[in-house]
Amino acid sequence: MQANDITFFQRFQDDILAGRKTITIRDAAESHFKPGDVLRVGRYEDDGYFCTIAVTATSTVTLDTLTEQHAQQENMTLGQLRQVISDIYPGESQFYVIEFKTL
């Protein structure tokens, strides 16, 4: 069985598959992805494969510089996005935006 390249919490799976979630915001541990990368995507909870994505762009952002556009691309409000990022990465300030499309 082939390993997954990136995982998402299961709660985001439907939004990714429907094209409602088109970015992911990660910490430095996952800052190595670059445009053109094709990634197998799995669920964080069980590592079960559910789709393949292509990275279309990458950029850096801080919690304070997140915008409504980022929130829209995450299918959340800006307040929800800031809270989710703070919960997943407590104490972190520098993040990496990975834009993607499903294949």
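For what it's worth, the UniProt record's numbering labels the leading residue of the sequence shown as 1, then goes sequentially.
Backbone N, C-alpha and C define an ideal beta-carbon position, used for all residues, glycine too.
Check                                                                                                           : Outcome
Pairwise C-alpha distance: aspartate 64 and tyrosine 96                                                         : 13 Å
Burial state of glycine 42 (16 or more Cβ within 10 Å)                                                          : buried
Buried versus exposed call for glutamate 45 [16 or more other C-beta atoms within 10 Å across all chains shown] : exposed
Aspartate 27 to arginine 20 span [Cα, whole Å]                                                                  : 22 Å
Beta-carbon separation (whole angstroms), isoleucine 25 vs valine 55, contact threshold 8 Å                     : Actually they do not touch by this definition, with Cβ atoms about 13 Å apart.
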